[in-house]
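Per my numbering, the sequence shown starts with residue 636, numbered consecutively.
Cβ atoms here follow ideal geometry from the backbone N, Cα and C, with glycine treated the same way.
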Amino acid sequence: MSAINITDLAGAVYSSGKVFDGLSTGRLDTENFLRSGSLAGVSSRADLALLEDLRDVAQFVIDHHEQPIDAAYVRTINAQITRSGALHPGQLRTEDQQIGVQTRYGRHTPPALTEKGLQQLIDSMKKHKSVTEKALELFVVLAKAQPFEDGNKRTALFVANSLLIGHGRLLVVPVDERDPQLADTFNDRLAKAYLYDEHDAVKALMRKHGLTALPR
636 MSAINITDLA GAVYSSGKVF DGLSTGRLDT ENFLRSGSLA GVSSRADLAL
686 LEDLRDVAQF VIDHHEQPID AAYVRTINAQ ITRSGALHPG QLRTEDQQIG
736 VQTRYGRHTP PALTEKGLQQ LIDSMKKHKS VTEKALELFV VLAKAQPFED
786 GNKRTALFVA NSLLIGHGRL LVVPVDERDP QLADTFNDRL AKAYLYDEHD
836 AVKALMRKHG LTALPR
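Following this line, the structure appears as C-alpha cells:
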C-alpha cells in the first residue's frame, strides 16, 4: 500500500464532523480543506475549529498508527482536540463532573475511568482475532465509556482507525447526504449500545456502511 495521506482520511473527518458535531461544510469542501487549507465552503468559526481539530487527529493517527494502542495513546488522540472539545484535552474526566450524553432513550452517564480502567477496557479487545472486529468493538466501547470531558466519539473513531489504516481499511460514520435516515439509524443503534448493551446492531451497520478501502 502506498503512503497514507491526510485526504485518504477525508471520509472519517467529514462523517464524524457531520454526525457527531453538526458540521455544515460539505464533503468536497472538507476534502479541499484537508488537501490545501482552502476555506471555501467553511461558513463558521465553529466549523473551522472542528475541521482543524479533526485534521490534527487524522494526521496524528497517520503518523503514529503503528504504535500499540494503550491508555496513553488514546489520551494523546483526545489531546489533539484543542479547539472544539474539552477544557482539558486528553485528561480523563472525574466522577464528580457527572459527564454523560443525552440520547432518545434517556441519559447515559457511565462511571468515570481511571488510567488503569481505560487500559483494562482496551485490553478486553484482545479476545477479538479479527482486526476489523476489534476496531468495531473498540469504537463502541470507547464511545460508550465516555472517558473524556468531550470528543469521546471522535476519539473512539480515530482510535479504531489506528488499527485499520495499516491494513488498508478506513472506518467512517454511516452518513449519506441523500438519505438522512442512515445517520439517524446509526445514532439510534449507538444509543441502544450505550443504554441497553446492544453492541451488535450498531457494529453491523458500521460493517455494512462504514468500512471502506484506502487507496492503494
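- Annotation: T744 to Q754 spans about 20 Å, alpha carbon to alpha carbon.
- Just measuring C-alpha positions, the residue of R670, G801, A795 and T711 sitting nearest A778 is A795.
- Counting along the chain, G646 sits inside the alpha helix (DSSP H) bounded by residues A645 to D656.
- Exposure of Y831 is indicated by the presence of fewer than 16 other C-beta atoms within 10 angstroms of its C-beta.
- Straight-line spacing of the CA atoms in M760 and L722 works out to 29 Å.
- Two segments are said to touch when three or more pairs of C-beta atoms, one from each, lie closer than 8 Å; by this definition the segment 736-752 touches the segment 813-833.
- Only buried fits Q715, as 16 or more other CB atoms lie within 10 angstroms of its CB.
- Listed in chain order, the beta strand (DSSP E) runs fully inside the segment 662-739 are 736-738, counting runs of at least 3 residues.
- T660 sits in coil when the DSSP states are folded into three classes, being neither helix nor strand.
- Rounded to the nearest angstrom, the gap between the Cα atoms of L683 and V677 is 6 Å.
- By alpha-carbon distance to T711, the top candidate from V692, G720, I697 and H802 is V692.
- When DSSP states are grouped into helix, strand and coil, L830 belongs to the helix group.
- Annotation for L799: the continuous alpha helix (DSSP H) segment containing it runs N787 to L799.
- V807 and V837 have their C-alpha atoms some 13 Å from each other.
- P809 counts as buried, since at least 16 other C-beta atoms from the protein chains shown sit within 10 angstroms of its C-beta.
- When D758, D643, K788 and D811 are compared, the shortest CA-CA separation from R670 is found for D643.
- By the C-beta density criterion, S673 is exposed, having fewer than 16 other C-beta atoms within 10 angstroms.
- Comparing C-alpha distances from H699 to each of L686, I800, T749 and D785 shows the shortest one belongs to I800.
- Taken atom to atom, the span from the alpha-carbon of E730 to that of P782 is near 10 Å.
- Look at L748 here: in three-state DSSP terms it is coil, with no helix or strand label.
- Around the CB of R851, fewer than 16 other CB atoms lie within 10 Å, so the residue is classed as exposed.
- When DSSP states are grouped into helix, strand and coil, H763 belongs to the coil group.
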